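Novice:
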Amino acid sequence: LWLVGDNERDGDLAGSAVARVLGAPHVGRPASPDPAAARSAVETALALAHVASVLHDVGRGGLAVAVAEICIRSGVGCDLMEREASSWFEESPHRLLVATAKEDGPPAASAKRIGTFTGTNIDFGTRGSVSVADAASTWRQAIPRRLH
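Each residue of the sequence shown is one higher than the one before, counting from 46 in this note's numbering.
(1) For Gly-170, count neighbouring C-beta atoms within 10 Å of its own C-beta (all shown protein chains included) and say buried if the count is 16 or more, exposed if not.
(2) Would you tell me roughly how many angstroms separate the C-alpha atoms of Ala-73 and Ala-97, rounded to the nearest one?
(3) Alpha helix (DSSP H) containing Ser-176: first to last residue?
(4) Buried or exposed for Asp-179, please, with buried defined as at least 16 other CB atoms from any protein chain shown within 10 angstroms of its CB.
(5) Can the beta-carbon of Phe-134 be found less than 8 Å from the beta-carbon of Leu-46?
(6) List the residues that DSSP assigns as beta-bridge partners of Ala-130.
(7) Could you spell out where the alpha helix (DSSP H) holding Leu-273 opens and where it closes?
(8) When the Cα of Pro-138 is compared with those of Thr-165, Ala-62, Pro-78, Leu-58, which residue comes out closest?
(9) On a CA-only basis, which of Val-112, Leu-192, Glu-148 is nearest Ser-174? Give me that one, please.
(10) In chain order, what residues of the same chain lie with their CB nearer than 7 Å to the CB of Ile-117, ignoring the 5 residues before and after it?
(11) Where does Ala-144 land, buried or exposed, given buried means 16+ other C-beta within 10 angstroms?
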């Protein structure tokens, strides 16, 4: 699993879903739009569309949510490399997750390997893990839980 788009903001949670959950929705300023980075992200996605097994934008919820969505959809777990806790939830724009069978990763200058798909758990190393089945069950029950 590779992260493409080198514009992380060092764990800045401004405007993020996790900031809202933690009761601090107005802390800091979200990243300003960057038309050049947006164009680069779209061009990268187009170039990878036919060689990547998975191509997923990192949007609402950040990396942790995007990885969970991929794992839930595929039914396969992921061993993730260590990162600062907040960097899993920052919502910096113009980033993509790319899954490829190639060991050398996608042909993008800003590609960083962040994990490997394997097993039945989403494993955040020393930060913990969750089974894909539990993540899927929680996700499927989110709306029904709120309705009752």
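Glycine is no exception: its CB is placed at the ideal position from the N, C-alpha and C atoms.
Please read these numbers as outputs of a predicted model, since none were measured by experiment.
Specialist: The structure says:
(1) The residue in question, Gly-170, is exposed, as its Cβ has fewer than 16 Cβ neighbours within 10 Å.
(2) The sequence given here places Gly at residue 73; Ala does not occur at that position. Separation of Gly-73 and Ala-97 (C-alpha to C-alpha, rounded to the nearest whole angstrom) is 35 Å.
(3) Looking at the DSSP string, Ser-176 is not in any alpha helix (DSSP H); the run it does join, the beta strand (DSSP E), is 174-176.
(4) Per the 10 Å Cβ criterion, exposed.
(5) No, Cβ-Cβ distance for Phe-134 and Leu-46 is not below 8 Å.
(6) Looking at the DSSP assignment, Ala-130 forms no beta bridge with any residue, so it has no partner.
(7) There is no way to answer for residue 273, as the model of the chain reaches only from 46 to 193.
(8) Measuring from the Cα of Pro-138, the nearest candidate turns out to be Pro-78.
(9) If we check each option's Cα against that of Ser-174, Val-112 comes out closest.
(10) Excluding the 5 residues flanking it on each side, Ile-117 has same chain C-beta neighbours closer than 7 Å at Val-177, Ala-180, Ala-181, Trp-184, in chain order.
(11) By the 10 Å Cβ count, Ala-144 comes out buried.
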